[in-house]
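Read top to bottom, the protein sequences are chains Z and X.
Using the numbering used here, the letters of the first sequence correspond one by one to residues 1 to 205.
Using the numbering used here, the letters of the second sequence correspond one by one to residues 1 to 205.
For glycine and all other residues, C-beta sits at the position ideal for the given N, C-alpha and C.
These numbers come from a predicted model, not from an experiment.
Number of protein chains: 2
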Amino acid sequence: MQQRSDQASQPGTGGRANQRLRTRTAILRAASELMRDGRDVTMPEVARAALVSEATAYRYFPNLASLLREAMAGQWPTPAEALARVADVTDPVERVAAAAEHLARTVLVNQGAARAMIAATVTRPEDVPARPALRLGLIDHALAPVADTLDAAALEQLKRSLSVVISAEAVFTLTDLLRLDAQEAVAGVVRAATALTREALRPTS
Amino acid sequence: MQQRSDQASQPGTGGRANQRLRTRTAILRAASELMRDGRDVTMPEVARAALVSEATAYRYFPNLASLLREAMAGQWPTPAEALARVADVTDPVERVAAAAEHLARTVLVNQGAARAMIAATVTRPEDVPARPALRLGLIDHALAPVADTLDAAALEQLKRSLSVVISAEAVFTLTDLLRLDAQEAVAGVVRAATALTREALRPTS
DNA sequence: ACATTCGTGAGAGTCAGCTCTCACGAATGG
DNA sequence: CCATTCGTGAGAGCTGACTCTCACGAATGT
Chain Z
1 MQQRSDQASQ
11 PGTGGRANQR
21 LRTRTAILRA
31 ASELMRDGRD
41 VTMPEVARAA
51 LVSEATAYRY
61 FPNLASLLRE
71 AMAGQWPTPA
81 EALARVADVT
91 DPVERVAAAA
101 EHLARTVLVN
111 QGAARAMIAA
121 TVTRPEDVPA
131 RPALRLGLID
141 HALAPVADTL
151 DAAALEQLKR
161 SLSVVISAEA
171 VFTLTDLLRL
181 DAQEAVAGVV
191 RAATALTREA
201 LRPTS
Chain X
1 MQQRSDQASQ
11 PGTGGRANQR
21 LRTRTAILRA
31 ASELMRDGRD
41 VTMPEVARAA
51 LVSEATAYRY
61 FPNLASLLRE
71 AMAGQWPTPA
81 EALARVADVT
91 DPVERVAAAA
101 EHLARTVLVN
111 QGAARAMIAA
121 TVTRPEDVPA
131 RPALRLGLID
141 HALAPVADTL
151 DAAALEQLKR
161 SLSVVISAEA
171 VFTLTDLLRL
181 DAQEAVAGVV
191 RAATALTREA
201 LRPTS
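See the structure below:
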């Protein structure tokens, strides 16, 4: 007499939590592998690779975008790891450059998944997740050294600007529309990001 | 014995050029109207509104993106018209601001079409048209006053950066991911664009 | 006036994103 | 060890982006 609706994905403490976790993990692993191999990441493909029915895949991930998001997040290093190279550097410009380069390169390596995510996301803006997006963590971490020294409003605006530039969309604009090759696209994103940062750091102009 | 394949869309000088032009125009007009009304712009919808079969629509436009692109282009003012407000202004920062604001506002008004275009385009980068994209015309026009005074390489980099920022993708990043409202999104795009321009104008630093 | 051309419509078909229903069957609790 | 639970598979259904085939019929040239 309880709710019979599908709640399989709920990680609650239900009796079959292990089974659920196993299934969920299998789906994520399959998606990650497809991404890594540069293959098309579609729900039918992931389900097949995970030896799970498509229906089950949708039970755990309401849509492709959420699956891709979580699969990518699982593969991504934490902001701290990604910026390890500049861990000791306090110059925000250099840190932002590292963040931009890291994101751009990662996007280019996982192009298929990144493109699929944009496509799946842009048409359903309502269920774009709340703020903890990958790029925002990176940006925050890169700007940490100036979080206090910089004017709050200026910092907020800089973060907004950087979230536009340090993005998969930016990379694809450069490669697809301007037809830059991978290397130049990365360089373009880095230069744009550093330019924004430098400008934001100048005394109130 | 000639080629029997569909070549209906070829604007050549064929015998039935008028009929073809009429059909093509009807499809474009239908698409434009759907866009203006903020309705969903899908091939079936456009075909229905144009009183044409879906098959015919595809004969004239190989995919949704090409239709949307041309329909938008038809509705867009020329760069000169869009920037008429700053026609007499030579300050590139102010001109870029106007360009950014114009594009952002236009995108927000035609959100549906803009989103559909991004979705249709990001998954098929190969047939993204060559450079004459809307935003590039705007940017070139805005930067015209400094086309000669600025260092060539710096100018090129500025254009690349601006093409990332003065874009529908940028607007949607701000509204969807950062959840800014329309007004703040426009402001964000404008500030990012002006910041990039200001920085590019500084003497070699 | 006639034959050819060719723009067009209709409709079947494929694939992906989803949604929903139904029933099987293994894990679980008593 | 039996009854309930519930994770899962199978499959139908719907929409949109396309692709392809086939045949109708109006425009065209002779």
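Close beta carbons around residue i, own chain, < 8 Å, minus the five adjacent residues each side
| i | result |
| --- | --- |
| R85(Z) | A98 |
| R198(Z) | V93 |
| R39(X) | E45 and G112 |
7 Å Cβ shell around residue i - same chain, five flanking residues per side excluded
| i | result |
| --- | --- |
| V171(X) | A104, V107, L108, A185 and V189 |
| V41(X) | A31, L34, M35, L68, G112, A113 and A116 |
| A168(X) | V107, A114 and I118 |
| E54(X) | M43, P44 and A47 |
| L196(X) | L158, S161, L162 and V165 |
As assigned by DSSP and simplified to three states, the class of residue i
| i | result |
| --- | --- |
| S163(Z) | helix |
| L67(X) | helix |
| L180(Z) | coil |
| R207(X) | Past the edges of chain X, shown from 1 to 205, lies residue 207(X), and the structure says nothing about it. |
| F172(X) | helix |
| R198(X) | helix |
| L158(Z) | helix |
| S5(X) | Low confidence applies here, because S5(X) scores a pLDDT of 49, under 50, leaving its location unreliable and the question unanswered by this model. |
Cβ-heavy atom distance, residue i to the ligand GDP, below 7 Å
| i | result |
| --- | --- |
| G188(Z) | Questions concerning the ligand GDP fall outside what the structure shown contains, since it holds no ligand whatsoever. |
Residue nearest to residue i in terms of C-alpha spacing, selected from the options
| i | options | result |
| --- | --- | --- |
| Q75(Z) | D40(Z), A193(Z) and A30(Z) | A30(Z) |
| A114(X) | S66(X), L83(X) and E199(X) | S66(X) |
| V165(Z) | R48(Z), H102(Z), V89(Z) and P79(Z) | H102(Z) |
| A147(X) | M117(X), A195(X), D91(X) and S167(X) | D91(X) |
| P125(Z) | A119(X), A152(X) and R124(X) | A119(X) |
| L201(X) | S163(X), D181(X) and L155(X) | L155(X) |
| S161(Z) | D127(X), T173(X), A168(X) and L150(X) | T173(X) |
| A100(Z) | A57(Z), P203(Z), D140(Z) and Q157(Z) | D140(Z) |
| D88(Z) | A153(Z), P44(Z), A142(Z) and L158(Z) | A142(Z) |
| A182(X) | N110(X), V46(X), D127(X) and E81(X) | N110(X) |
| T78(X) | L136(X), Q157(X), L150(X) and L21(X) | L136(X) |
| Q157(Z) | A55(X), V96(X), A50(X) and L178(X) | L178(X) |
| M72(Z) | D127(Z), R59(Z), P203(Z) and I27(Z) | I27(Z) |
| L83(X) | P145(X), A55(X), T123(X) and L64(X) | P145(X) |
| A193(Z) | T123(Z), E54(Z), L180(Z) and S163(Z) | S163(Z) |
| R22(Z) | L134(Z), V52(Z) and D176(Z) | V52(Z) |
| T123(Z) | T175(X), A152(X) and D151(X) | T175(X) |
| P62(X) | M43(X), A80(X) and R48(X) | M43(X) |
| T180(Z) | V128(X), Q19(X), R191(X) and L180(X) | Sequence check: residue 180(Z) is Leu here, not Thr. Closest by alpha carbon: V128(X). |
| A153(X) | E70(Z), R191(Z) and A57(Z) | R191(Z) |
| R20(Z) | E81(Z), T56(Z), A187(Z) and R48(Z) | T56(Z) |
| L138(Z) | K159(Z), T121(Z), P203(Z) and T149(Z) | K159(Z) |
| L134(Z) | A187(Z), T149(Z), A80(Z) and L150(Z) | A80(Z) |
| A187(Z) | T121(Z), L150(Z) and V96(Z) | V96(Z) |
| D151(X) | E54(X), R48(X), P203(X) and L64(X) | P203(X) |
Close beta carbons around residue i, own chain, < 6 Å, minus the five adjacent residues each side
| i | result |
| --- | --- |
| A50(Z) | A26, I27 and A30 |
| R24(Z) | Y60 |
Note down, one range per segment and in chain order, each alpha helix (DSSP H) of at least 4 residues found wholly within the region 9-58 of chain X. Positions of the alpha helix (DSSP H) runs, each at least 4 residues long and wholly inside the region 9-58 of chain X, are given as 17-36 and 43-49 in order along the chain.
Complete beta strand (DSSP E) runs within the region 74-151 of chain Z (minimum length 3 residues, chain order): The DSSP assignment places no complete run of the beta strand (DSSP E) inside the region 74-151 of chain Z (cut-off: 3 residues).
Chain-ordered residues of the region 167-198 of chain Z with a beta carbon less than 8 Å from chain X: Listed by position along the chain: S167, E169, A170, F172, T173, L174, T175, D176, L177, L178, R179, L180, G188, V189, R191, A192, A195, L196 and R198.
Below 7 Å between beta carbons is the criterion; list the residues of the region 125-156 of chain X that meet it against any residue of chain Z, in chain order. Of all residues in the region 125-156 of chain X, only P125, V128 and A133 place a beta-carbon less than 7 Å from a beta-carbon of chain Z.
If you measure beta-carbon to beta-carbon, which residues of the region 96-113 of chain X are closer than 7 Å to chain Z? Of all residues in the region 96-113 of chain X, none comes within less than 7 Å of chain Z when Cβ atoms are compared.
Using a Cβ-Cβ cut-off of less than 7 Å, give me the residues of the region 43-56 of chain Z that come near chain X, in sequence order. Answer set for the region 43-56 of chain Z: empty.
Could you name the residues of the region 24-40 of chain X whose beta carbon sits closer than 7 Å to any beta carbon of chain Z, in the order they occur along the chain? Within the region 24-40 of chain X, not one residue has a Cβ closer than 7 Å to any Cβ of chain Z.
Residues, ordered as in the chain, of the region 70-90 of chain X that lie near chain Z by beta-carbon distance below 9 Å: Taking 9 Å as the upper bound on Cβ-Cβ separation, chain Z lies near no residue of the region 70-90 of chain X.
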